[in-house]
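*Asks:* Have a look at this one.
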Amino acid sequence: MAGKLMQAVCYDSYGGGSAGLKHVEIPVPAPGKGEILIKIEAASINPIDWKVQKGVARPVFPRKFPYVPVTDVAGEVAEVGLGVEKFKVGDKVITYLGLAGGGLAEYAVAKETPTVLRPPEVSAADGSCLVVAGCTALHALTVTGGLKLDKTEPLTNILVTAGSGGVGHYAVQLAKLGNTHVTATCGARNIKFVKSLGADEVLDYKTPEGAALKSPSGQKYDLVIHCTTGIPWSTFKANLTTTGKVIDLTPNGGTFWNFAVNKLTFSKKELVPLIAVPKAEEIECLVNLLKEGKIKNVIDSRYPLSRAEEGWAKSIEGHATGKHVEIPIPAPGNDEILLKVEAASINPIDWKIQGGMVRPILPRKFPFIPG
């Protein structure tokens, strides 16, 4: 695809939020050794994406500008580099682009290592959501937390903070695959939703009981998956069992300080900072769980690439239910044209298709845009 241009969204300096994003036309990148070029079908925004824009990782991982953000994508392999063995042109895949980013574009280059095949039962939008958020929840529970997801262990009492968010809504569902009692926190409007994910108890974080993390049934927590900010260690400590562990997925200076103090004082109660990097085997595990119906994705909002700044702003605003997804404008293939729609007319066949009328003959792939 040498010389071909693509649409992308980038920023050329730190800061600026959604107003700092720019729509540009840039060359399609070429895959190097061990890399694949992906035609992006969906990209999912994570808080780390706009935190990088704010300069959070600047001392360790400075950005080169202009920078195309977003790491979690799903799409179709358009080209393969030298040495690529697992994938071929036309394969549907899900991947983690890493700190190189590139997800807010029509095409992106990915390494073969963290890339997995996407089965037809999992949509591109769902696949893109799984990567950072799902893998972080899975790693925190099973690797750092030591939880088995097969109900073979003694009952574990777990607390998930921000249980309706991107990481939190996966953590609640994954935790319930094990032999657990799960308490979760969220805002009042999401209590019913978090209960539908399987939580045994749900606390409104704005109430005195919720702010204190007090289990309605008086449970002390063996494990806490902390997916938000602003809760002091003292509050967690008061609610832990004698060997309870808090895994902080949004660590700051205070987290590392308390982690060090606990180690130096040989405290049995632990505070563990965690920044997880998605691995192919974790993505595959989540894809299989989604395919089998053991977990579900919840997408808060979807935006075309042309409105990426709206999704960016909504992610910064917070209080999402699930994830935000960007879907690039489709590119025409052979014998096709791309139309800018000025008007569309609804026919009875449109809602009859939604009702499943032609399902045996022409099954739909979801998400499906009617009309």
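In numbering that gives the first Met the number 0, the protein residues as written are 0 to 370. In this text, a Cβ means the ideal position worked out from N, Cα and C, and glycines have one as well.
#1: Go through its chain and collect everything with a Cβ distance to L103's Cβ below 7 angstroms, but skip five positions before and after it.
#2: Could you tell me which residues DSSP puts in a beta bridge with I93?
#3: Give me the Cβ distance between K32 and G82, rounded to the nearest whole Å; I'm assuming they're in contact under 8 angstroms.
#4: According to DSSP, is R301 helix, strand or coil?
#5: Give the secondary structure of D199 by DSSP, where H, G and I count as helix, E and B as strand, and everything else as coil.
#6: Could you check the C-alpha separation between D90 and D299 for me, to the nearest Å?
#7: What do you reckon, are the CB atoms on V130 and P28 nearer than 7 angstroms?
#8: With a threshold of 16 other CB atoms inside 10 Å of the CB of F64, please say whether the residue is buried or exposed.
#9: Return helix, strand or coil for H138, following the three-state DSSP convention.
#10: In three-state terms, what does DSSP make of T179?
#11: By the three-class DSSP mapping on this structure, what secondary structure does D125 have?
#12: DSSP three-state call for T227: helix, strand or coil?
#13: Leaving out five residues on either side along the sequence, give the residues of the same chain with a beta carbon under 7 angstroms from the beta carbon of L395.
#14: If distances are taken between C-alpha atoms only, which option among L196, I246, L263 and W350 comes closest to K295?
#15: Please work out which residues of its chain come closer than 8 angstroms, Cβ to Cβ, to G209, disregarding the five sequence neighbours upstream and downstream, and give them in chain order.
*Replies:* Based on what the coordinates show:
#1: Within the sequence shown, the letter at position 104 stands for residue 103. Around L103: A7, V8, A42, V67, P68, V69, L304, A307 and E325.
#2: Within the sequence shown, the letter at position 94 stands for residue 93. A73 and V115.
#3: Indexing the sequence shown from 1 puts residue 32 at position 33. Indexing the sequence shown from 1 puts residue 82 at position 83. Right, the Cβ-Cβ distance comes to about 5 angstroms (below 8 angstroms), so this counts as a contact.
#4: Here residue 301 is taken as the residue at index 302 of the sequence shown, counted from 1. Strand at R301.
#5: Counting from one through the sequence shown, the residue named residue 199 turns up at place 200. Here D199 sits in coil by DSSP.
#6: Taking the sequence shown and counting its residues from 1, the one referred to as residue 90 is at position 91. Taking the sequence shown and counting its residues from 1, the one referred to as residue 299 is at position 300. Roughly 27 angstroms between the two C-alpha positions.
#7: One-based indexing of the sequence shown puts residue 130 at position 131. One-based indexing of the sequence shown puts residue 28 at position 29. Going by C-beta atoms, V130 is not nearer than 7 angstroms to P28.
#8: Taking the sequence shown and counting its residues from 1, the one referred to as residue 64 is at position 65. Exposed, by the Cβ-count rule.
#9: Walking along the sequence shown from the start, residue 138 turns up at place 139. H138 falls in the helix class under three-state DSSP.
#10: To locate residue 179, count along the sequence shown from 1; it is residue 180. Here T179 sits in strand by DSSP.
#11: Here residue 125 refers to the residue found at position 126 when the sequence shown is read from its first residue. Note: D125 maps to helix in three-state DSSP.
#12: Position 228 of the sequence shown, counted from the first residue, corresponds to residue 227. The answer is coil: DSSP assigns T227 none of H, G, I, E or B.
#13: Outside the shown range of the chain, which is 0 to 370, sits residue 395, and nothing can be said about it.
#14: As a working note, residue 295 is residue 296 in the sequence shown. When each option's Cα is compared against that of K295, the closest is L196.
#15: The residue you call residue 209 lines up with position 210 of the sequence shown. Around G209: T184, L202 and D203.
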